[in-house]
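Undergrad: Have a look at this one.
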Ligand code: PMV
C-alpha cells in the first residue's frame, strides 16, 4: 500500500490565470508550458490502517500547513474512505516562491497516491485529478511542451513536442527565496473580480495559444519568444491593475528583464517569463545558455541561479 513518484515543475509560456469554476478548480483559459528536468519533487505515500490521521513531512520536517490540500487530493485519488497516509515530500528547489513547486508536488502526489491505492488510472485521468489540486500540476504529468485545454467540464493535457525534439534550456534567476505573499488561487480571484483587464485577457488567450502552438510546431524561437513575453506581461498587468494591486516583482526582477533585453540586443536567443513570484525564468537556446547564466549571475540582487533542460512527465519510482 505504498508508492513513490517523482515529478518536475513546469513553467507556463502561455499562462493560466483565472478560474471558471472554483469548486472544481477549472481554469478560465488554456495554457502551454514546458516541463523542466533538473528540478524535482519526490513524493512517498504510504496508506496505513493503523494511522488515525494523515501525517506529512516536507524535506524531513513535519508540515501542518500543506496537509489539508494534500489530504483532499488523496481523497479524490483513493476515495474518502481510504486509510490514512504517511506522506513524505522532498524537493530540491525553494517551495512556494513562484517556482511551480505546487505543480511538481501535486503531480507527484497524484501518481504516488494512485499507486499506493492500487488504481491504474491513465495519464488523462491522473492529469485531471492533479489539476483539481493545482491547475498547473496537470501539465507536469507530461514532458516537453504541454498544452492544457478546457474540454467540456474537465481539462485535457496533450504533448505538443517532446523534450528531446526541441531541447531548450531554462536559466532560473532567484531574486528572493521566501514564500510568496499572496497564493495564486486568492490572487486569481482578486484579478477576476477587480481587474479591468481580466475579461480581455480571457478573450485574447485563444489567439496567444494559436501563435505559440504554431511557433512550437515550426521551432520558431523568435516567434515563441515574442508571444511568451507578451503573454507574461499581460498576466502581470492584470495583477498590477487589480484592487488591491498585486506586484510580485522586486527591483532585481526588473534588473533581470533588462539583462535579458541586453542579451537579446547581442543576438542571443533568450526570452523571459515570470510567474506569481519574483523569480525570472530565462528560456534560451542551449548554445547561449552559458552567456545567459553568466549575465544573470552578474545581475545585482540575483541570489542564486538554477539551470535546467526540458524533461519528462511525472512517473512512478516504486510501488509495493
Ligand atoms: O496552479 P497554480 O494554482 O499554482 O497557478 C499557476 C499560476 C501561474 O504559475 C502564474 C501560471 C501558470 O500557468 O503556471
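In our numbering, the protein residues as written are 25 to 344.
By construction, the Cβ of each residue, glycine as well, lies at the ideal position given by its N, Cα and C atoms.
Computed from a prediction, not measured in an experiment: that's the story for all the values here.
Please give me, in chain order, every unbroken run of the beta strand (DSSP E) with length at least 3 that falls completely inside the stretch 42 to 121.
TA: Entirely contained in the stretch 42 to 121, the beta strand (DSSP E) runs reaching 3 residues are, in chain order, 43 to 45, 55 to 59, 65 to 71, 79 to 82, 109 to 115.
Undergrad: With the cut-off set at 8 angstroms, would you say residue 320 and residue 197 are in Cβ contact?
TA: For the purposes of this step, residue 320 is taken as the residue at position 296 of the chain shown. For the purposes of this step, residue 197 is taken as the residue at position 173 of the chain shown. The answer is yes: Cβ separation under 8 angstroms.
Undergrad: In the stretch 150 to 224, which residue ranges form an unbroken beta strand (DSSP E) of at least 3 residues, counting only runs that do not cross its ends?
TA: The qualifying runs are 169 to 175, 178 to 185, 193 to 198.
Undergrad: Tell me whether the beta-carbon of residue 173 lies closer than 8 angstroms to the beta-carbon of residue 54.
TA: By 1-based counting over the chain shown, the position of residue 173 is 149. By 1-based counting over the chain shown, the position of residue 54 is 30. For residue 173 and residue 54, yes; Cβs fall inside 8 angstroms.
Undergrad: Go ahead and pull the three-state DSSP assignment for residue 36.
TA: For this step, residue 36 is matched to residue 12 along the chain shown. Looking at residue 36 - three-state DSSP - the assignment turns out to be strand.
Undergrad: Go through the residues and name those whose CB comes closer than 5 angstroms to any heavy atom of the ligand PMV, in chain order.
TA: Working through the chain, the matches are 36, 39, 40, 55, 126, 158, 159, 160, 208, 299, 300.
Undergrad: Give me the Cα-Cα distance between residue 129 and residue 324, rounded to the nearest whole angstrom.
TA: Residue numbering aside, residue 129 sits at position 105 when the chain shown is read from its first letter. Residue numbering aside, residue 324 sits at position 300 when the chain shown is read from its first letter. So the alpha carbons of these two residues sit roughly 31 angstroms apart.
Undergrad: From residue 251 to residue 232, what distance separates their C-alpha atoms?
TA: Position 227 of the chain shown, counted from the start, is the residue given in the question as residue 251. Position 208 of the chain shown, counted from the start, is the residue given in the question as residue 232. Approximately 7 angstroms between the Cα atoms of the pair.
Undergrad: Is residue 48 buried or exposed, if buried means 16 or more other CB atoms sit within 10 Å of its CB?
TA: Position 24 of the chain shown, counted from the first residue, corresponds to residue 48. The residue is exposed, with fewer than 16 neighbouring Cβ atoms inside 10 Å.
Undergrad: Within 10 Å of its beta-carbon, does residue 253 have 16 or more other beta-carbons around it, so buried, or fewer, so exposed?
TA: The sequence position of residue 253 within the chain shown is 229, counting from 1. Per the 10 Å Cβ criterion, buried.
Undergrad: What is the rounded straight-line gap between the Cα of residue 34 and the Cα of residue 269?
TA: Translated into positions along the chain shown, residue 34 becomes position 10. Translated into positions along the chain shown, residue 269 becomes position 245. Going by the C-alpha atoms only, they are around 26 angstroms apart.
Undergrad: Skipping 5 residues on each side, what residues in its chain have a beta carbon closer than 7 angstroms to that of residue 337?
TA: Position 313 of the chain shown holds residue 337. Within the same chain, residue 337 has close Cβ partners 59, 164, 165, 166, 167.
Undergrad: What separation, rounded to the nearest whole angstrom, lies between the Cα atoms of residue 218 and residue 92?
TA: Here residue 218 corresponds to residue number 194 of the chain shown, with the count starting at 1. Here residue 92 corresponds to residue number 68 of the chain shown, with the count starting at 1. For residue 218 and residue 92, the distance between alpha carbons rounds to 28 angstroms.
Undergrad: Helix, strand or coil for residue 282, going by three-state DSSP, please let me know.
TA: What you label residue 282 is simply residue 258 of the chain shown in a count that begins at 1. Note: residue 282 maps to helix in three-state DSSP.
Undergrad: Between the stretch 56 to 75 and the stretch 93 to 113, are three or more C-beta pairs nearer than 8 angstroms?
TA: Judged by Cβ distances under 8 angstroms, the stretch 56 to 75 makes contact with the stretch 93 to 113, as three or more pairs qualify.
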